[in-house]
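Residue numbers (our numbering), protein chains in the order written: chain A, 1 to 632; chain B, 1 to 168; chain C, 1 to 112; chain D, 1 to 490. Data first, discussion second: the structure below is written as structure tokens.
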């Protein structure tokens, strides 16, 4: 295709959702629910179609550059408003617009009848715009625009039901924790500018790879970028916002807090993989953080009772696994998992949303059970998602997770073991939620029971489409041993630095066998507990043992943050205000005024009105003047 | 002869002025001051300023002092007034006066301009004729202005008393 | 009288500084009087005394410098003194009528 | 002559308002505001940014024996500031349209006099004239706060007036010193720029000037007059004070400090940067615990201007340009922020955060405007706050990395207090016992819509503003660099 047509298309791709947002904003209360949902979806779907065309032309072009206008240009700082599309961003664009369209469609059903229906779609469109900006950005600053923009949309959507102050708090928590990550990112940008004198991503990377060039602060840059990624992708220590973010409507959780936004951190690292590969220390940090987060979040998920919270911790855990892969240098595997995870986690979230919709807002798995009888479609799609996340072959999750585990094994068998352990945790908590929700006896409250229903087609159709993707997503990077050609890895080769791993085929079979049997074992174990024994989590936490209480209280991380950081901070602030500012600094200023009042108050007493006193003063004054004349 | 006259007049002036400020009775004070003014008039004469000496006696002794006496009579203050200041204030006042004197003496002393006698001495300088020429040549405008001063002070005095009458 | 007014002799006999010191003494006595007494009339008298000491000084210097201006100024001083006494005494009478006292300390409202 | 018009126009309008019947007051005030914007735009149309010459220069001798002349003219930086001044004044006039003040003609006249004086500061090219305008701006502010402020304003205004005056007097001392430093007395900008001043003297003059500016801006720890004054002043005056008046001080740093005493800036500037940066963190933390919305915004303003000052004192192109950009952004944002407090006060009689809630339910448009303004204030992307803040922090980082870290963490705190207060006021449920805040009226929209448009426009196209000031900033930085380098080579 002609280059300038392609450029026009690249402008249109983020432009259309933005247009949707603006139209929504202008005609907010003038358009009906139907039109609003339809046209919001239309923009994103059009963007998806355009992304497909871009994707096909990337194959021969390699990359497309589009320069809109010069945004900030002064002195040596030059930041253009420009897009660059290469293999990585084209796939991300497909993912965002594709999954985004499905979730838009789903939302039409899910949000039906909500007061803020139009507003919801406006925000969703805005989110798509910012997310596209993030992946298409040509320079770090523009990427940062998208980066914070998605944080903004996340804030808007978590606090969507703004009348509930708890939700608002969750929104603020998300935004602020993200901002801590943003701080790291902004400082990383300054450091990059300091080292390379430019903020254009490609220039930085080509500069860094010049043979013989030495950049002493590269480690700092990558570490800061990683901290930024932990904020956005909810890794230790900045992960606590993501479970709270489930306060938003479920499609939001699926789109933002599972499929797209939270993967921005991974995208960021893959985008800069050249820099990361040059700093092995940072890679180790990433790897350790990733696996610790994976296991940590997985263990918390085991004891959660809110279906969305379980999925949220699961997301944190899966993201941890991706970071683990990044830390191992297996960028393609991480990216592969990112894609499959987007499919099956969106599926699971939307399935959960369908359940919640059917149960009129009930989210507690203790008040569900036996739902497969009432919600057949939902059950089946959820089941597919479950198999995918549990890494059962041939579902997509199996291939992606397997890639990571094999990469880990090549580093060290111990890491492989840890990866497997986190996978087993995943299997357990996912089985637990699945069994408690869909099987066993129904524990649904009677009032709800009467209205229980399967979701309308507008919701189930996207679910079915997503379940197909979750089932078949693995094809895009089928390993050699299954006679695949690891298409994704080849496709990404131009921008990745990793060498391909040539594994022993026998070893791979063994490792796969072990992980598959582990999945089976744990599933059976869960089956024993929740179906055969029919155990239901107790309402009361206090009767539990120490470990389970620790888990169900999420290791008290929130409480610790509150006590160690937030509360002291507020106390110091209050001290600053009440003591330092009002008393000491302002006291000093007022003290100066009071001092002059004091002095003049006493000086005033010399003016006592007594004339003879004045006469004395006059005589003394004259004497004094004379005396001075004598002296000088 | 001249020396004796000068010193005796000086002593009289100092003594009467001291008596003036220390005497309890205002009436006597006025009279002492009168005596002092006369001795000062004598000194004027010694300085060959006859016209001024005469004017001095007429204005001060004849007008101002009479005015004082008149006021004292008017206020019926001939009886001694016992209001006195505290010892401390008296001491301070005397000290201040002495200090003033000392400072003035020292500053005069520092000028080192003693014993200088003028070369030309015009004996007619104090005559009414000479003085009149100076006044009406060099100081005509100030001289005329004094009349305005007098008028205004007269008006002031009248107004003071007129108001008083209205009040009562 | 003419014998007395032999200026050359007199100037030779009595040095300038004696006149000056006399004036200083009289002036200081005036200052003392102002500070010492609470009777307003005496204060006035002391002021007159000070004015006179200055007059004497002016006349002395006028003669010594052979310049009649000094005596002209004495004339003006007298004029001002007369006016001042007239107004001052009028005020004094007024004050006495109001507060029945000529005590200077009775007037202590001269302040802000 | 146009420069003279720009100064005189507000004064003349003030006189006309005072003389006209009071029913025309509001119309005349708005007309005056529009008129100054028009004059500024005309000036801008005549300006070639590449040349960076002063345009519409006017030089009339005034007091010849002291070397004082009425020398005014505009360059790129002045133009940007005038643009800000005329915009903010128009907004300030518009914000008071809803008020029912006593003595309305006098109120508007004083507002316009203040504007005229501040315009004078921005175009003065003679230190003495500059000082006259500088002090002249203070007087209407004093009366405005005293007569139309909330509650007990006497002590607040006295503190405000005396404190800022004290600083200015030190500056006056410095001005007189500078004026007499050359072979013959002269206060003209060219004379002052040409002076060769020794290092020690530069320090003294720097301190004298910066003391005045530190109080006016205000920089920590000279800020304590500011929250009280901003809280008690009528909203239009608060807008004028924080929107324009403090910018006078920052502008003066660019115009009168950096080129005049470069060595002192080079050596001692970092202490003021430190104070400013500490102030960012400190003011943000204090804003966190504020219970009164207006006071919270006042402290937020300290944090913002601290960053501007710190960035400008790095004397890099990015820093100064960012500072100018951010001055404009801050000026626009405070209009919105303080107007919000005025609307809230209109309905509840208070600005206590706890008194509000659920305004989004009854006034969704208001909430939307508030949100955009808030994001502008916390420098979210594509709003006007971001480009300036990014440039300032970047300049600061390239010069003093650790200070930039502290400043940037203050920026995080900015998000915290703004978001928390927003949600407390706008979201949640409506407090019991009242009908909530009704939707905006037309005047409110008239104020908010230009502000919002400016926020978005300046966020997307900051380059347009930077192009205007570009050449002039280059000139000043060249002056600075030349002198510093000459000294270093010695």
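Backbone N, C-alpha and C define an ideal beta-carbon position, used for all residues, glycine too.
query, result
"Residues that DSSP places opposite residue 352 of chain D in a beta bridge", "D/292"
"Residues near residue 284 of chain A by beta carbon distance below 7 Å, same chain, minus five either side", "327"
"CB contact check: residue 144 of chain C to chain B, cutoff 8 Å", "Missing from the structure shown is residue 144 of chain C; chain C here goes from 1 to 112 and no further."
"Residue interval of the alpha helix (DSSP H) (run including residue 72 of chain D)", "Note, residue 72 of chain D: premise wrong, no alpha helix (DSSP H); beta strand (DSSP E) at 68-74."
"Rounded C-alpha distance that separates residue 369 of chain D from residue 448 of chain D", "7 Å"
"Start-end ranges of the beta strand (DSSP E) lying completely within the segment 76-121 of chain A, minimum 3 residues", "77-85"
"Cβ-Cβ separation, residue 173 of chain D to residue 192 of chain D (assumed contact under 8 Å), whole Å", "Not a contact, Cβ separation roughly 15 Å."
"Identified DSSP bridge partners for residue 60 of chain D", "D/70"
"Beta-carbon separation (whole angstroms), residue 83 of chain C vs residue 153 of chain B, contact threshold 8 Å", "4 Å"
"Any C-beta of chain A under 8 Å from that of residue 168 of chain B", "In this prediction, residue 168 of chain B scores a pLDDT of 45, lower than 50, which makes its location untrustworthy; no coordinate-derived value is stated."
"Where residue 153 of chain B falls: helix, strand or coil (DSSP)", "helix"
"Alpha carbon of residue 258 of chain D to alpha carbon of residue 81 of chain D, nearest angstrom", "17 Å"
"Within chain B, partners of residue 626 of chain A - CB distance below 9 Å", "100, 103, 104, 106 and 107"
"Delimiting residues of the beta strand (DSSP E) encompassing residue 70 of chain A", "64-74"
"Local conformation of residue 95 of chain D per DSSP, three classes", "helix"
"Status (buried if at least 16 other CB within 10 Å, exposed otherwise) for residue 481 of chain D", "exposed"
"Simplified DSSP assignment, three categories, for residue 378 of chain D", "coil"
"Residue span of the alpha helix (DSSP H) that contains residue 308 of chain A, given as start and end", "307-328"
"Those runs of the alpha helix (DSSP H) which lie wholly inside the segment 372-421 of chain A and span at least 4 residues", "376-389 and 396-411"
"Residue 88 of chain D beta carbon less than 8 Å from that of residue 473 of chain D", "no"
"Identity of the residues DSSP links to residue 137 of chain A by a beta bridge", "A/83"
"Short Cβ contact (8 Å threshold) for residue 466 of chain A with residue 102 of chain A", "yes"
"CB contact below 8 Å: residue 603 of chain A versus chain C", "no"
"N- and C-terminal bounds of the alpha helix (DSSP H) containing residue 366 of chain A", "Segment: none, residue 366 of chain A is in no alpha helix (DSSP H) and carries neither H nor E."
"Terminal residues of the alpha helix (DSSP H) in which residue 225 of chain D lies", "225-232"
"Option in B/155, B/95 and B/48 with minimal Cα separation from residue 128 of chain B", "B/48"
"Cβ contact (3+ pairs, closer than 8 Å) linking the segment 423-441 of chain A and the segment 379-399 of chain A", "yes"
"Minimum Cβ-Cβ distance from residue 54 of chain C to chain A less than 8 Å", "no"
"For residue 188 of chain D, three-class secondary structure by DSSP", "strand"
"Close beta carbons around residue 94 of chain C, own chain, < 7 Å, minus the five adjacent residues each side", "none"
"8 Å Cβ cutoff, residue 91 of chain C in contact with chain B", "yes"
"Helix, strand or coil at residue 470 of chain D according to DSSP, with G and I counted as helix", "helix"
"Short-range partners of chain A found in the segment 274-299 of chain D, where Cβ spacing is below 7 Å", "282, 285, 286, 288 and 289"
"Members of the segment 413-439 of chain D that neighbour chain A once the beta carbon cut-off is set at 7 Å", "415, 416, 419, 420, 423, 427, 428 and 429"
"Bridge-paired residues (DSSP) for residue 124 of chain D", "D/72"
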